[in-house]
Amino acid sequence: MAVVAGHPTSRPPRSRSRVVCQRCHARKVKCDLALRLRTGDICTNCDKRDEVCERREQPNSQKNRRRQPSQILPVVPAHTLSPAQNSSEVNSPSSSVFDAAAVLGSVSQGERPAPPTPVHSSPETPEQQGYIGEFTVFPPEGPRSYEIPAMAGSPLKVIEAQIQSFAGADQLPPKSMIEALSSIYFKYLYHRVPVVDRQQLTTACPSMLLQQSLCLAGSVLRHPRATKSLAESESFYARAKALFYSNHEHDPLTILQSVCLLTLWTVTPASVVTIDSGWSWLGLAIRFAFQIGLHRESTYPQRASPGCSRRIAWFLYVQDKLNTVCFGRPQMILAQDFDLRPPSVEDFEDPESKDALLFVLYTNLMTILAKMLPLQPRDLTKTPEHALSTLLELKNWVGSLPVHLRIFDDSGTRCYDRGFYEVLTWYFTCIITFFHVHGRFFRPSVNSTITLVASSCIIRLYQEMDYRDDINYLMAISNWSMMVASLPQLNNLWSENNSNPEPIRDSLSLEELNILLEILDQRTVKFPGSKAILDKVSRIKTIILSCGPSSIPLSNLPQPDLPDNANDPWSPSWGNYATIPSVHEMFPFPKELSPRLDLLSTMEADEFLNGVFDHFTDWSFENFLNLEDFIAHTGMQQRLPTADCAPL
């Protein structure tokens with residue numbers, strides 16, 4: 012609004028415009044705190060966000076400055092906060108530069124302003140403070156302010172603005188499309204990636220970076236309609252990436268949420284070296300979370316959004332472990348650095364929601380998987396007691412599932428729940444992984460039987476999801492789960508083919524392998540990494556079926572290079588195998604889930620302990636080779652492979 016010099020009413024509006032809250036000032040959005048001081052002392056934006064609304068105090072130098080009406084200048088944003096404002100948000104450095112430039116440009120020709128003083132910014136919430144650990148040469152309670160020279164211009168800001176303009180990053184899709192894609196994310200992915208709160212999208216000015224990232228997530232979840240179906244997702248990815256690298260967003264937690272969503276961009280195989288991958292974004296997100304301090308429990312009591320922050324931290328933890336188990340890459344989050352309490356449903360906006368429960372169950376399961384890392388088949392530091400303890404945790408996890416989460420009801424009718432089915436596929440994947448790591452402690456026939464049953468359960472769950480057209484909503488990391496499920500089937504197919512003089516026509520392993528291959532085939536459009544797994548599994552299946560019975564004794568098959576077991580306190584050759592008590596407790600499901608569940612009854616028969624079933628294939632997981640070695644060694648000795656699939 013234009014200000015007329017000398018007008019008697021010109022000063023009140025200008026004075027009122029300087030009454031703004033800390034959060035609106037940091038976000039550079041319009042604040043109506045001045046209009047609501049008499050009705051509630053909280054602005055509309057903070058009221059909608061359910062945040063503490065604190066008035067931004069003006070510096071004394073500006074409060075006491077006497078001005079002539081004709082010399083009123085724009086107010087330079089001050090960043091010196093009162094001690095009571097411990098939860099206010101940091102003002103963006105870029106806004107300080109531009110405001111200072113505005114002041115310099117508005118000074119009359121006859122005046123020479125004093126040299127600009129550095130603008131101080133004092134971050135006061137954990138999200139805006141750089142985390143400094145207790146064991147450091149830096150004082151943990153030292154000054155947290157930093158100085159930004161109040162320059163009249165910045166080449167970097169010009170470049171960033173050009174990047175945003177060139178990429179069209181500031182161009183949002185229609186509101187109806189944003190709402191639709193966001194709802195897809197909340198409906199189909201929130202139980203796995205709950206990094207955003209719904210209320211963040213209902214504010215007056217939602218973050219543009221967050222909206223573009225949510226559109227990316229929603230578009231990735233849509234059913235592919237053509238070979239170029241990723242073009243739409245790529246446009247959202249390019250805009251979000253441009254906004255991120257041009258520093259458009261200044262709220263650290265919002266930046267971290269957006270980067271978490273960018274990890275969904277997984278269109279290249281893991282063998283391709285590129286920064287445009289989920290792996291690169293995951294590493295960036297983890298380092299940024301470390302910088303904020305999300306990995307330390309001591310930082311949470313002061314956080315404005317502790318529930319959302321905790322969900323983000325655990326999402327990153329789970330993704331780190333899955334990338335390690337899938338690709339054999341180093342862990343970025345180490346146990347000694349991560350001391351958060353486990354997530355709970357109370358960390359969600361709606362603690363009663365099914366998504367909250369599924370995320371808690373899924374995360375607890377992944378913490379058990381983390382205890383199996385690294386996936387070394389002959390880890391001499393592991394003992395039978397350690398292995399049985401981990402197995403007991405898996406049993407307790409599946410045994411403590413809520414009663415309302417069931418596969419079949421009392422009448423035998425299937426109770427389908429896509430999210431719960433997905434979590435169960437990871438439970439059975441953890442069982443196969445367990446016997447890869449600890450298989451040397453158990454009888455080879457136990458390894459073969461239990462992993463074959465687990466594989467069958469995984470495939471049947473995926474089959475039911477495929478019947479309902481829900482395979483589309485599985486993320487790329489599920490490719491690794493499918494590949495792991497294929498290996499017991501390939502091994503058993505090889506065994507059946509070599510134990511029968513006539514070709515097998517209706518093998519159950521062949522049937523379940525074909526189910527898995529069909530599912531992998533439909534995922535190749537959305538996740539190109541699926542093609543590599545599909546081709547390898549298909550090729551191995553063809554080789555097995557074309558070879559016919561083998562006359563080579565199992566004991567004469569070539570052995571892979573393994574660490575020397577001379578110092579192994581527990582050598583499988585001794586025959587001192589550990590016994591798994593109550594095998595059925597690992598599979599507390601109706602037999603309708605899988606035709607393989609009947610095999611468990613043979614494991615608890617007396618003759619099983621007497622070695623009657625020792626002619627089973629020796630699928631010892633210390634010899635668990637990757638898919639290429641599966642061919643070279645005729646499929647008998649195997650170890651968990653690293654998948655050529657892009658992770659979530």
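Numbering (the numbering used here), first residue to last: 12 to 659.
Cβ coordinates follow ideal geometry from the N, Cα and C atoms, glycine included.
For the options S355, A315, A172 and L403, the alpha carbon positioned closest to that of S593 is the one of L403.
Cα atoms of L386 and T378: separation of roughly 14 angstroms, rounded to the nearest angstrom. A distance below 6 angstroms between beta-carbons, with the five flanking residues on each side excluded, links K382 to the following residues of its chain, in chain order: T401. When secondary structure is reduced to three states using DSSP, C426 falls in the coil class, being assigned neither helix nor strand.
By the neighbour-count criterion, in which a residue is buried when 16 or more other Cβ atoms sit within 10 angstroms of its Cβ, H261 is buried. The beta carbon of S218 is closer than 8 angstroms to those of Q211, E260, D262, T265 and S269 in its chain, skipping five residues each way along the sequence.
According to the DSSP assignment, Q302 belongs to the alpha helix (DSSP H) that extends over G289 to I303. For C64, the three-state secondary structure derived from DSSP is coil.
Note: F419 is bridge-paired with R425 in the DSSP secondary-structure output. Less than 8 angstroms divides the Cβ of Y484 from the Cβ of Y199.
Per DSSP, the beta bridge partners of C32 are R66. Residue environment: C271 is assigned as buried (16 or more neighbouring CB atoms within 10 Å of its CB, all protein chains considered). By the Cβ criterion, the stretch 242-256 is not in contact with the stretch 313-320, since fewer than three pairs of Cβ atoms, one from each stretch, lie closer than 8 angstroms. Counting every other CB atom within 10 Å of its CB across the protein chains shown gives F177 a total below 16, marking it as exposed. Measuring C-alpha to C-alpha distances from E357 to each of R38, A465, K537 and R321 identifies R321 as the nearest. Spanning the alpha carbons of A37 and Q175 requires a straight line of approximately 20 angstroms. CA-to-CA, the gap between L504 and R550 works out to about 13 angstroms. Excluding five sequence positions before and after Y588, the CB atoms of its chain that fall closer than 6 angstroms to its own CB belong to F453 and R454, given in chain order.
In the DSSP assignment, M188 falls within the alpha helix (DSSP H) that extends over K186 to Y199. Per DSSP, reduced to three states, the secondary structure at R307 is coil, with no helix or strand assignment. The C-beta distance from K542 to T535 rounds to 5 angstroms, short enough to meet the 8 angstroms contact threshold. In this structure, L227 keeps its C-beta atom at 8 angstroms or more from the C-beta atom of Y201. Annotation for A367: V356 and F359 place their beta carbon closer than 6 angstroms to its own, counting only its chain and skipping 5 residues before and after. Contact check for T436 and I469: beta-carbon distance about 5 angstroms, within the 8 angstroms limit, so the pair qualifies. When the Cα atoms are used, S467 and L405 turn out to be separated by approximately 18 angstroms.
A distance below 8 angstroms between beta-carbons, with the five flanking residues on each side excluded, links R479 to the following residues of its chain, in chain order: Y427 and R429. P362 counts as exposed, since fewer than 16 other C-beta atoms from the protein chains shown sit within 10 angstroms of its C-beta. In this structure, the alpha-carbon of A191 lies about 16 angstroms from that of D208.
Of the residues assessed, R298 falls on the exposed side of the cut-off, its CB having fewer than 16 other CB atoms within 10 angstroms. Of the residues assessed, K602 falls on the exposed side of the cut-off, its CB having fewer than 16 other CB atoms within 10 angstroms. Measuring C-alpha to C-alpha distances from E396 to each of R425, R451, N490 and I555 identifies R451 as the nearest. Here the alpha carbons of A465 and T424 stand approximately 22 angstroms from one another. Relative to P280, the option among V63, P353, N490 and V495 whose CA is nearest is N490. Around the beta-carbon of L167, fewer than 16 other beta-carbon atoms lie within 10 Å, marking it exposed. Taking the C-beta atoms as reference points, L531 is found no nearer than 8 angstroms to L521. The alpha-carbon of E171 is positioned some 38 angstroms away from that of T374.
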